[in-house]
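Going by UniProt numbering, the letters in the sequence shown line up with residues 1 to 188, in that order.
Even for Gly, the Cβ is constructed at its ideal location relative to N, Cα and C.
Accompanying notes for the structure given below.
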Amino acid sequence: MERCAWAKKELDIRYHDEEWGNPHHSEASLFELLILETMQAGLSWSTILVKRENYREALDQFDYHKIASYSDEKVEELMNNAGIIRNRLKIKSIIKNAQAFIKVQKEWGSFDRYLWSFVDYQTIDNQFESIAEVPAQTELSNQLAKDLKKRGFSFIGPVTCYAFMQAAGLINDHTMNCSYRMAVNYDK
């Protein structure tokens, strides 16, 4: 089976085959992907995947309601956790993003409804021949980043937003030679 060129390591392959590009509609799943993408800023996705279970444990299974009320003591606890990225600004952004996530839910009824409105509630199916053609950002990811920042999110720029949109299945960037391209589960 052929895969997208970036999926080389064991965790990358499993993530590619089972999750990446599948449309996500679960609030919990969208929040987790959003936080992981913001943690990736300046790092490789492989680094984040290796730490994913540590993040789940450290962040109450990505329970955004709990995270939104984390105290300064919890920030210090996270700063001392060697299993996650110990960057104070990134850790504080997790709390800020949980709070902003909840505000969006209240305004839109769900974060899912808000997010998917950017693609008219349908996956954008790109048809790139190679990974070299896949952009790092687009006008759409710029729009999403600006709107998220306006709503109080942090560590979220157009590149992070594009990666998030790919991960959450708003954009199908499996390359044309990828065996998983048509196996994407659009009913998730």
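Separation of S117 from H24, as counted between CA atoms: 13 Å
K188, buried or exposed, once every other Cβ within 10 Å from all chains shown has been counted against 16: Annotation note: pLDDT 40 at K188 (below 50); position unreliable, no value reported.
Three CB pairs or more closer than 8 Å across the region 6-16 and the region 140-158: no
When M1, E57 and Q61 are compared against N27, the one with the closest alpha-carbon: Looking at the sequence shown, residue 27 is not Asn but Glu. The option with the nearest alpha carbon to E27 is Q61.
Strand pairing of D125, partner residues [DSSP]: N172
Continuous alpha helix (DSSP H) stretch holding Y162: start and end: P158 to A167
N-terminal and C-terminal residue of the alpha helix (DSSP H) that Y180 is part of: No alpha helix (DSSP H) contains Y180, which DSSP labels as neither H nor E.
Opening and closing residue of the alpha helix (DSSP H) in which A58 lies: W45 to A58
Touch test, the region 170-182 against the region 30-47, Cβ-Cβ under 8 Å, three pairs minimum: no
C-alpha distance - V119 paired with M165, whole-angstrom precision: 10 Å
C-alpha distance - T138 paired with L59, whole-angstrom precision: 31 Å
Contiguous alpha helix (DSSP H) assignments of at least 4 residues, all confined to the region 136-160: 139-150
Cα-Cα separation, K74 to N81: 11 Å
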